[in-house]
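Residue 90 in my numbering sits at position 84 of the sequence shown, with consecutive numbering throughout.
Think of the CB as a built atom: it goes at the ideal place given N, C-alpha and C, for glycine as much as any other residue.
These notes concern the structure reproduced below.
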Amino acid sequence: MLNVNRRILISAPYESVRSYLRDLGEIAHYEPKVDSISVSSEGESAEAAGHFFGMPWHGTFRFDFEPDGGYRGVMLSGPLRRMECRMLIRPVNGGTILEHDEEYELPLFLRPLQPMVRRWLNHTLETELDVIKERAEALNRQLQLKVLDA
7 MLNVNRRILI
17 SAPYESVRSY
27 LRDLGEIAHY
37 EPKVDSISVS
47 SEGESAEAAG
57 HFFGMPWHGT
67 FRFDFEPDGG
77 YRGVMLSGPL
87 RRMECRMLIR
97 PVNGGTILEH
107 DEEYELPLFL
117 RPLQPMVRRW
127 LNHTLETELD
137 VIKERAEALN
147 RQLQLKVLDA
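Structure below.
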(Lines of atoms letter the chains of each structure in order from A and count residues from 1; the text may use other names and numbers.)
(Lines give C-alpha, C1' and ligand atoms only; values in the text may rest on other atoms or scores of the structure.)
Protein backbone atom coordinates (compact mmCIF):
# COMPACT_ATOMS: atom_id res chain seq x y z
CA MET A 1 0.00 0.00 0.00
CA LEU A 2 1.34 3.42 -0.96
CA ASN A 3 0.25 6.23 1.35
CA VAL A 4 0.99 9.94 0.86
CA ASN A 5 -0.22 12.86 2.95
CA ARG A 6 0.22 16.59 3.37
CA ARG A 7 -1.35 19.43 5.29
CA ILE A 8 -1.61 23.17 4.80
CA LEU A 9 -2.89 26.25 6.61
CA ILE A 10 -5.56 28.07 4.64
CA SER A 11 -6.09 31.73 5.55
CA ALA A 12 -9.87 31.47 5.40
CA PRO A 13 -12.51 30.56 7.96
CA TYR A 14 -13.57 26.96 8.37
CA GLU A 15 -16.98 27.55 6.73
CA SER A 16 -15.42 28.92 3.53
CA VAL A 17 -13.07 25.95 3.23
CA ARG A 18 -15.92 23.56 4.03
CA SER A 19 -18.13 25.16 1.37
CA TYR A 20 -15.39 24.92 -1.24
CA LEU A 21 -14.68 21.25 -0.52
CA ARG A 22 -18.40 20.36 -0.58
CA ASP A 23 -18.52 21.24 -4.29
CA LEU A 24 -17.19 17.97 -5.71
CA GLY A 25 -17.24 19.44 -9.21
CA GLU A 26 -14.22 21.52 -8.15
CA ILE A 27 -12.08 18.37 -7.92
CA ALA A 28 -11.19 18.73 -11.61
CA HIS A 29 -9.76 22.18 -10.81
CA TYR A 30 -7.55 21.17 -7.90
CA GLU A 31 -6.70 17.49 -8.41
CA PRO A 32 -3.88 17.18 -11.00
CA LYS A 33 -4.74 13.53 -11.67
CA VAL A 34 -8.33 14.39 -12.66
CA ASP A 35 -9.09 15.97 -16.04
CA SER A 36 -12.89 15.73 -15.80
CA ILE A 37 -15.51 14.76 -13.24
CA SER A 38 -19.24 14.22 -13.43
CA VAL A 39 -20.97 14.31 -10.04
CA SER A 40 -24.25 12.46 -9.50
CA SER A 41 -27.38 14.49 -8.75
CA GLU A 42 -27.26 13.26 -5.14
CA GLY A 43 -23.68 14.54 -4.87
CA GLU A 44 -22.40 11.33 -3.28
CA SER A 45 -20.78 9.63 -6.27
CA ALA A 46 -18.88 10.69 -9.35
CA GLU A 47 -17.36 9.45 -12.59
CA ALA A 48 -13.87 10.81 -13.14
CA ALA A 49 -11.17 10.55 -15.78
CA GLY A 50 -7.61 11.76 -15.97
CA HIS A 51 -3.99 10.62 -15.94
CA PHE A 52 -2.09 8.69 -13.26
CA PHE A 53 1.69 8.72 -13.67
CA GLY A 54 1.16 9.53 -17.35
CA MET A 55 -1.39 6.76 -17.98
CA PRO A 56 -5.03 7.56 -18.79
CA TRP A 57 -7.62 6.24 -16.35
CA HIS A 58 -11.37 6.31 -15.71
CA GLY A 59 -13.13 5.45 -12.47
CA THR A 60 -16.21 5.68 -10.30
CA PHE A 61 -15.99 7.06 -6.78
CA ARG A 62 -18.22 7.16 -3.72
CA PHE A 63 -17.90 10.22 -1.50
CA ASP A 64 -18.81 10.38 2.18
CA PHE A 65 -18.91 13.79 3.80
CA GLU A 66 -17.27 13.74 7.21
CA PRO A 67 -18.59 15.46 10.35
CA ASP A 68 -15.50 17.72 10.37
CA GLY A 69 -16.54 19.17 6.99
CA GLY A 70 -14.11 17.22 4.84
CA TYR A 71 -14.78 14.10 2.82
CA ARG A 72 -13.62 10.58 2.09
CA GLY A 73 -13.53 9.33 -1.51
CA VAL A 74 -13.26 5.65 -2.37
CA MET A 75 -12.73 4.27 -5.88
CA LEU A 76 -15.52 1.78 -6.58
CA SER A 77 -14.30 0.87 -10.06
CA GLY A 78 -11.22 1.84 -11.99
CA PRO A 79 -7.69 0.82 -12.87
CA LEU A 80 -6.47 0.33 -9.28
CA ARG A 81 -7.57 -2.35 -6.84
CA ARG A 82 -7.83 0.25 -4.14
CA MET A 83 -7.66 4.02 -4.04
CA GLU A 84 -8.92 6.17 -1.22
CA CYS A 85 -8.53 9.84 -0.40
CA ARG A 86 -9.45 11.85 2.69
CA MET A 87 -9.79 15.56 3.26
CA LEU A 88 -9.90 16.59 6.92
CA ILE A 89 -10.39 20.18 8.03
CA ARG A 90 -10.29 21.90 11.40
CA PRO A 91 -10.47 25.52 12.44
CA VAL A 92 -7.40 27.10 14.02
CA ASN A 93 -6.33 30.64 14.90
CA GLY A 94 -5.72 32.41 11.61
CA GLY A 95 -7.69 30.05 9.39
CA THR A 96 -8.24 26.37 8.72
CA ILE A 97 -5.90 23.39 8.62
CA LEU A 98 -6.50 21.03 5.70
CA GLU A 99 -5.02 17.54 5.91
CA HIS A 100 -5.08 15.38 2.79
CA ASP A 101 -4.27 11.65 2.66
CA GLU A 102 -4.25 9.34 -0.34
CA GLU A 103 -3.80 5.55 -0.33
CA TYR A 104 -3.10 3.45 -3.40
CA GLU A 105 -2.71 -0.23 -4.07
CA LEU A 106 -0.46 -0.12 -7.10
CA PRO A 107 -0.63 -2.75 -9.85
CA LEU A 108 2.29 -5.18 -10.01
CA PHE A 109 3.94 -3.48 -12.99
CA LEU A 110 4.19 -0.15 -11.08
CA ARG A 111 5.53 -1.58 -7.80
CA PRO A 112 9.20 -1.49 -8.92
CA LEU A 113 8.65 2.20 -9.70
CA GLN A 114 7.12 2.92 -6.29
CA PRO A 115 9.82 5.44 -5.19
CA MET A 116 9.27 7.50 -8.38
CA VAL A 117 5.48 7.18 -8.09
CA ARG A 118 5.68 8.35 -4.45
CA ARG A 119 7.69 11.45 -5.44
CA TRP A 120 5.23 12.17 -8.24
CA LEU A 121 2.25 11.74 -5.86
CA ASN A 122 3.88 14.02 -3.27
CA HIS A 123 4.25 16.67 -5.97
CA THR A 124 0.60 16.30 -7.05
CA LEU A 125 -0.54 16.65 -3.42
CA GLU A 126 1.45 19.86 -2.99
CA THR A 127 -0.02 21.27 -6.20
CA GLU A 128 -3.50 20.21 -5.13
CA LEU A 129 -3.27 21.84 -1.71
CA ASP A 130 -1.88 25.05 -3.18
CA VAL A 131 -4.86 25.29 -5.56
CA ILE A 132 -7.38 24.50 -2.80
CA LYS A 133 -5.79 27.18 -0.60
CA GLU A 134 -5.96 29.77 -3.38
CA ARG A 135 -9.54 28.95 -4.40
CA ALA A 136 -10.92 28.65 -0.84
CA GLU A 137 -9.36 31.99 0.09
CA ALA A 138 -10.84 33.53 -3.09
CA LEU A 139 -14.27 32.13 -2.18
CA ASN A 140 -13.93 33.68 1.27
CA ARG A 141 -13.07 37.08 -0.25
CA GLN A 142 -16.15 36.84 -2.52
CA LEU A 143 -18.36 36.04 0.47
CA GLN A 144 -16.91 38.98 2.41
CA LEU A 145 -17.60 41.33 -0.50
CA LYS A 146 -21.22 40.15 -0.67
CA VAL A 147 -21.65 40.96 3.01
CA LEU A 148 -20.15 44.42 2.49
CA ASP A 149 -22.41 45.08 -0.52
CA ALA A 150 -25.55 44.04 1.36
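Original post:
Quick one: what does DSSP say residue 99 is sitting in, helix, strand or coil?
Top reply: The residue labelled residue 99 in the question sits at position 93 within the sequence shown. Of the three classes helix, strand and coil, the one that applies to residue 99 here is coil, per DSSP.
Subject >> C-alpha gap between residue 139 and residue 89, whole angstroms >> reply: Your numbering for residue 139 matches position 133 in the sequence shown. Your numbering for residue 89 matches position 83 in the sequence shown. Their backbone Cα atoms lie some 23 Å apart in a straight line.
Original post:
Between residue 17 and residue 94, what straight-line distance do the alpha-carbon atoms span, to the nearest angstrom?
Top reply: Taking the sequence shown and counting its residues from 1, one reaches residue 17 at position 11. Taking the sequence shown and counting its residues from 1, one reaches residue 94 at position 88. In a straight line, the C-alpha of residue 17 is about 16 Å away from that of residue 94.
Subject >> One or two residues paired with residue 68 in a DSSP bridge >> reply: Along the sequence shown, one-based indexing puts residue 68 at 62. Residue 68 is bridged to 51 and 80.
**OP:** Go ahead and label residue 24 buried or exposed: buried means 16 or more other beta carbons lie within 10 angstroms of its beta carbon, across all protein chains shown.
**Re:** Position 18 of the sequence shown, counted from the first residue, corresponds to residue 24. Burial call: buried.
**OP:** Flag this pair as touching only if the segment 75 to 88 and the segment 108 to 120 have three or more C-beta atom pairs under 8 Å; answer yes or no.
**Re:** Flag = yes, the segment 75 to 88 and the segment 108 to 120 touch.
Original post:
If you count every other CB in all the chains shown that lies within 10 Å of the CB of residue 39, and 16 or more means buried, which is it?
Top reply: Here residue 39 refers to the residue found at position 33 when the sequence shown is read from its first residue. Classified as buried, residue 39 has 16 or more neighbouring CB atoms from the shown chains inside 10 Å of its CB.
**OP:** Determine the closest residue to residue 57 out of 43, 50, 13 and 82, with distance taken between C-alpha atoms.
**Re:** The residue you call residue 57 lines up with position 51 of the sequence shown. Of the listed residues, the one whose Cα sits closest to residue 57 is 43.
Subject >> Cα-Cα separation, residue 27 to residue 81 >> reply: As a first step, residue 27 must be located in the sequence shown, where it is residue number 21. As a first step, residue 81 must be located in the sequence shown, where it is residue number 75. When rounded, the distance between both Cα atoms is 18 Å.
**OP:** Can you tell me which of 74, 125 and 120 puts its alpha carbon nearest to the alpha carbon of residue 104?
**Re:** Looking up residue 104 in the sequence shown gives position 98. Comparing Cα-Cα distances from residue 104 to each of 74, 125 and 120, the minimum goes to 74.
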